[in-house]
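Residue numbers (the working numbering): 665 to 1184.
Every residue, glycine too, gets a C-beta built ideally from N, C-alpha and C.
Treat the numbers as computed from the prediction; the structure is a model and nothing was measured.
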């Protein structure tokens, strides 16, 4: 049989070409995880709870081209969120992590507390982290990360308040360099450079890039180009901004971070954020409208950054093969339950955005109403990368919800724990709250919450403290505590047992040793 050598040569060229190889042996999906700081879902335009003047077109585009989760509870505060997102564990399962030295100094043993990006590295991924680092002095370069350019807050406590300027930046574990410029823009620039092939990025490998913005954490400083945005901003005043709040535990019943100003508009009691001057002109005051305006202005640079990164992915041909996840470590309150902070278990204080976009793989323009949390993202990333979980994790793979956001057979409740500044072994026993730094400063005790499709159950871990139960369908602002009285005692007991069962399934040492409740 005669073989046409020209045809044979053509086949050799075809099968050996980079194009064919890229089609036949396509890389595993890239993952771009964008994490903002203290960002409420109310600050993202595609969420119906946001004021109508809020404009975040680029973040909204992720929702248009993906799935928006309506109820995300990533964590209760910054460091705990990041510990969960690096281990897949609730705070009580993060072994050896502890606060040490001047805040935010913290340490951990990497053998006892491995971070999962190291597993991705061993399985062919290139891992990169840019921006805020808040989980141990050891930031893991060379073990967990192939490339890292970070503001390492635990390592430099004296610089830890510089959220928006003059940051000590470490590149690949080297000596920190004082870096000028607006931090949000810096982080975006470095992330875009990486996506476009800079900073040692290997084109032959899929990447996991964790971009951690410091915005919109206090002091809620916008970029100068956004100082004049939202000139007529007004927000709805929460009905429970002033105490007392009947039926709440003591700390939230009496919380009073806001007072009525001379014109009746709520003002921040401490006057902590007293505004600023630009060219001698006063810009912001301490009334709730001015402060929220300043806060929302701070989101605008993040939104612009999201747009730049989407454009970079598209222009480099990586967009179709990249899972983009946008979320926040937790939300923050602006008057809800009297708070102007996070920590507490209410939607107003800790609920944040979560949007997942990969149009070539998942539906677009969909909303998922199922409650989800930070521990769920890690198993989802492993599923995306087609890798086995390296250890038992506390969350659930969200791929079934991404595939069908409206599915009704997803009955897994969301468990969330707040254990103050304690982690791992230091959570084996519920400590006396007088020894917890967060409780001493902010009066928020340890708590456990369980969120089902309709209800939220909260167990505050102080002896004899009030339990909480809210009908999130009919009372989304969590005003009426159904745990008071006997009308809902059967439901209360059911959710109480379910919470203990979820704690046990995640190996929580104090699951059966919590302080007693008032109404057993």
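- Apart from the five residues just before and just after residue 686, which ones in its own chain have a Cβ nearer than 7 Å to its Cβ? In this prediction, residue 686 scores a pLDDT of 38, lower than 50, which makes its location untrustworthy; no coordinate-derived value is stated.
- Test item: CB-CB of residue 1038 and residue 1015 under 7 Å: no
- In terms of residues, what are the limits of the beta strand (DSSP E) holding residue 842? 841-843
- Item | Distance between residue 1087 and residue 1059 (C-alpha atoms, nearest Å) | 17 Å
- Task: Could you please give me the residues that DSSP links to residue 1002 through a beta bridge?
- Result: Bridge partners of residue 1002: none, in fact.
- Could you have a look at residue 930 and say whether DSSP puts it in helix, strand or coil? Taken through DSSP and simplified to helix, strand or coil, residue 930 comes out as strand.
- Task: Tell me, to the nearest whole angstrom, how far the beta carbon of residue 1066 is from that of residue 1035; I am working on the premise that it is less than 8 Å.
- Result: Between residue 1035 and residue 1066 the Cβ distance is about 15 Å, and since that is not below 8 Å, they are no contact.
- Query: From residue 1156 to residue 785, what distance separates their C-alpha atoms?
  - Reply: 45 Å
- What's the gap between the Cα of residue 977 and the Cα of residue 912? 47 Å
- Item | Range covered by the alpha helix (DSSP H) that runs through residue 854 | 847-859
- Taking just the CA atoms, how far does residue 923 sit from residue 652? There is no way to answer for residue 652, as the model of the chain reaches only from 665 to 1184.
- Given residue 867 as reference, the closest of 1005, 878, 738 and 788 once Cα atoms are compared: 788
- Task: My understanding is that residue 877 touches residue 851, with C-beta atoms under 8 Å, so please give their C-beta distance in whole angstroms.
- Result: Right, the Cβ-Cβ distance comes to about 6 Å (below 8 Å), so this counts as a contact.
- Item | Assigned secondary structure, residue 1169 (DSSP; H/G/I helix, E/B strand, else coil) | helix
- Query: Which stretch, first to last residue, makes up the beta strand (DSSP E) that contains residue 749?
  - Reply: First-last for residue 749: 742-751, but that is the alpha helix (DSSP H), not the beta strand (DSSP E).
- Query: Leaving out five residues before and five after residue 969 in sequence, what residues of the same chain have Cβ atoms less than 6 Å from its Cβ?
  - Reply: 852
- Task: Could you tell me which residues DSSP pairs with residue 1031 in its beta bridges?
- Result: 732
- Tell whether a beta-carbon distance below 7 Å holds between residue 722 and residue 967. Yes.
- Buried or exposed for residue 1169, please, with buried defined as at least 16 other CB atoms from any protein chain shown within 10 angstroms of its CB. exposed
- Item | Paired residues, beta bridge with residue 1121 - DSSP | 1114 and 1133
- Using the rule of at least 16 other Cβ atoms within 10 Å of the residue's Cβ for burial, across every protein chain shown, is residue 1180 buried or exposed? Exposed, by the Cβ-count rule.
- Message: Assuming contact is defined by CB atoms lying nearer than 7 Å, are residue 891 and residue 790 in contact in what I supplied?
- Response: no
- Task: May I ask you to verify whether the region 752-768 touches the region 776-784, counting CB pairs closer than 8 Å and requiring at least 3?
- Result: yes
- Compute the Euclidean distance between the alpha carbons of residue 1109 and residue 1135, then round it to the nearest angstrom. 23 Å
- Using three-state DSSP, classify residue 812 as helix, strand or coil. strand
- Message: Can you find the residues in the same chain that come closer than 7 Å, C-beta to C-beta, to residue 915, ignoring five residues on each side of it along the sequence?
- Response: The answer, listed in chain order, is 1107, 1108 and 1109.
- First and last residue of the uninterrupted beta strand (DSSP E) at residue 990: 986-992
- Message: On the DSSP bridge list, what partners appear for residue 796?
- Response: Partner(s): 815.
- Query: Using the C-alpha atoms, what's the distance from residue 879 back to residue 717?
  - Reply: Between residue 717 and residue 879, the C-alpha separation is close to 20 Å.
- Who are the near neighbours of residue 834 in its chain, counting only those whose CB is closer than 6 Å to its CB and skipping five residues on each side? By the criterion of a C-beta distance shorter than 6 Å, residue 834 is surrounded in its chain by 814, 816 and 840, once the five residues flanking it on both sides are discounted.
- Message: Restricting to runs no shorter than 3 residues, where is the beta strand (DSSP E) found entirely within the region 762-797?
- Response: 790-797
- Closest by CA to residue 930, which one among 1009, 1003 and 990? Just measuring C-alpha positions, the residue of 1009, 1003 and 990 sitting nearest residue 930 is 1003.
- Message: On a Cα-Cα basis, can you pick out the residue from 736, 1032 and 730 that is closest to residue 1024?
- Response: Closest option to residue 1024, Cα to Cα, is 730.
- Query: Out of curiosity, what's the CA-to-CA distance linking residue 920 and residue 1111?
  - Reply: 20 Å
- Item | Delimiting residues of the alpha helix (DSSP H) encompassing residue 1066 | 1063-1067
- Taking all protein chains shown into account, do 16 or more other C-beta atoms lie within 10 angstroms of the C-beta of residue 842, making it buried, or fewer, making it exposed? exposed
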